[in-house]
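Per the working numbering: the sequence shown = residues 3 to 391.
This report concerns only the one structure given below.
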Amino acid sequence: MEIINWLQDVREHVRVSVRRRSLRQPGQGFDYTGDEYRNVVRRVVSAIHPRRMRLCVVEIVQQTPTTKTFRCERTDGPLPPFRPGQYVNLFVDVDGVLTSRPYSIASAPGSEILELTVRDNPGGFVAPYLLHEIKVGDELETTGPQGHFYHEPLIDGGDLVFLAGGSGITPFMSIVRDALRHERPLNIHLLYGSRAPDDVIYGDELAELAAKHTNFDYTLIISEPPDGYDGVTGFIDAALIQEQVGAVTGKTFYICGPQVMYDFCRAALDELGAPAHKIRRELYGPPADVTREPGWPEGLAADALFEVDVAGRKTVRAPAGEPLLNTLERYGVVVPAICRSGACSACRVKLLSGKVFQPSHTGLRESDREHGYIHACVSYPLEDLRIRL
């Protein structure tokens, strides 16, 4: 490049630099250290990251005989931004017991409707209440969006494989809807395992999206097919993954479903040679039967009872096979909780004495372990305990 007047160029550079510095200065006449500034910041942060939200159920969709989708509008402000794949923690009072459960957001960001899909859980506590008691017009209270189960373009790349089981389809619905609506440069392969054809959640919409978009493949796998069923059957094993999506090289795998499904799919991906850093997971709650987890003490029954002394509060009787968090809630002891699967540490309590069992997949940090903290949502008493909230 030919420099015609270097002095003029230097002067112009100085002028631009001075102007840039002036624009970086705080606005004149505003106290950035006072209450007014702090209040502005609080309002902005609360709008973007609300601690709690009030939702009104405006529509209920019967997805399957065992599943409903609750379509909700926020009543205390606009819906905050969120990443497709995140969840909210829903607070409920069931027969006087204050508790909560995480539910993935199925709707895409930008919608005025928040979709929460709930599947019946035999022996469950919250799901039956929501399915049988909540009606259109009822209000629900949740946290703001939470979680890290979303696509990171720089890390995950653009070739994605989603492995879903049962209600584990819900976070993928948000990701798929968002990606296809905005024509994001992604290739998505969805392998969705379900017990029976009539138990498939969002089945019609998924089939329609796959027919319209060449960068979205959808394969439904039925484990208990009826007579005459001509679709794909069986389980999401190594052979099926390889058959449907080809080589694992360059792909990122996301798994969402019950723990048994994660263990099965993870073994399949290990067999195929998928790198560990290319496997993402989202779990819903604690194990269905903790006594079947590796390392559970032989001979210890799930209904064995132990005393738990909540220091300075009360003493409760806790079954060995129930998460400590659930026991405390039944006795009216309020413990903050969000994910209920050991990942977020919101329910962390100090273990003063005694011994607990924690499944190997829990997200307990090494620093917590060293200082005697446990996650109440995935901790099971093995003897009498003393804890501090």
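Virtual Cβ for every residue (Gly too), placed ideally from N, Cα, C.
As the structure is a prediction and not an experimental result, all values here were calculated from the model.
Check: Residues that K78 bridges to, as DSSP identifies them; Outcome: Rather than Lys, the amino acid found at residue 78 in this sequence is Asp. According to DSSP, D78 bridges with nothing at all.
Check: Environment of G36 [buried if 16+ CB atoms lie within 10 Å]; Outcome: exposed
Check: Residue closest to E143, alpha-carbon to alpha-carbon, out of V94, G160, R121; Outcome: V94
Check: Range of the contiguous beta strand (DSSP E) that encloses T364; Outcome: Unbroken run through T364: none, as it is neither H nor E.
Check: Integer-rounded CB distance, given that F151 should sit under 8 Å from E284; Outcome: 4 Å
Check: Whole-number beta carbon distance between I238 and L193, since they are thought to touch under 8 Å; Outcome: 5 Å
Check: Whole-Å CB distance - P227 paired with T221, under 8 Å assumed; Outcome: Their Cβ separation, rounded to whole angstroms, is 14 Å, which puts P227 and T221 out of contact at 8 Å.
Check: Any alpha helix (DSSP H) of 4 or more consecutive residues that is wholly inside the region 177–259; Outcome: 205–214, 240–247
Check: Counted within 10 angstroms of its Cβ, other Cβ atoms place Y39 as buried (16 or more) or exposed; Outcome: exposed
Check: Alpha-carbon to alpha-carbon, V336 and S381; Outcome: 16 Å
Check: Distance CB(F255)-CB(R282) smaller than 8 Å; Outcome: yes
Check: Between the CA atoms of G248 and P67 - distance to the nearest angstrom; Outcome: 34 Å
Check: Proximity to D122 [Cα-Cα], best of Y105, A110, L116, P111; Outcome: Y105
Check: Beta-carbon proximity check, P86 vs P111, cutoff 8 Å; Outcome: yes
Check: 8 Å Cβ shell around R56 - same chain, five flanking residues per side excluded; Outcome: R76, T77, D78, E141, L142, E143
Check: Bounding residues of the beta strand (DSSP E) (the contiguous stretch that carries A320); Outcome: 316–321
Check: DSSP bridge partner residues for Q392 (one or two, in chain order); Outcome: Any answer about residue 392 is impossible in this case: the structure gives the chain only from 3 up to 391.
Check: Nearest neighbour of D386, chosen from V358, R367, S369 [CA to CA]; Outcome: V358
Check: Endpoints, beta strand (DSSP E) assigned at L302; Outcome: L302 -> no beta strand (DSSP E), and no H or E assigned at all.
Check: For E331 and V120, believed in contact at Cβ under 8 Å, the rounded distance; Outcome: About 19 Å separates the two Cβ atoms, so there is no contact after all.
Check: Within 8 Å, strictly: CB atoms of P321 and D305; Outcome: yes
Check: Local conformation of F151 per DSSP, three classes; Outcome: coil
Check: Boundaries (first-last residue) of the alpha helix (DSSP H) holding L397; Outcome: What is shown of the chain runs 3 to 391, which leaves residue 397 out entirely.
Check: The region 342–356 touching the region 262–279, judged by at least three CB pairs closer than 8 Å; Outcome: no
Check: C-beta contact flag for F127 and V96 at 8 Å; Outcome: yes
Check: Euclidean distance between Cα positions of H184 and R342; Outcome: 32 Å
Check: Spatially closest choice to R390 from H363, G139, D311, R367, by CA coordinates; Outcome: D311
Check: 6 Å CB neighbourhood of A198 in its chain, flanking five on each side removed; Outcome: E226
Check: Proximity to I224 [Cα-Cα], best of T101, G195, S362, I257; Outcome: G195
Check: Residues of its chain near D201, where Cβ-Cβ distance is below 7 Å and the 5 sequence neighbours each way are ignored; Outcome: T66, T68
Check: Start and end residues, beta strand (DSSP E) containing P130; Outcome: That residue, P130, is in no beta strand (DSSP E); its alpha helix (DSSP H) goes 128–135.
Check: Among L271, E300, A269, P260, nearest to G287 - alpha-carbon criterion; Outcome: P260
Check: Inter-residue Cα distance where the pair is C58 and A181; Outcome: 27 Å
Check: G356 vs P383 beta-carbon contact at 8 Å; Outcome: yes
Check: R103 classed as buried or exposed, judged by whether at least 16 other C-beta atoms fall within 10 angstroms; Outcome: buried
Check: Where Y39 sits in the DSSP three-state scheme; Outcome: helix
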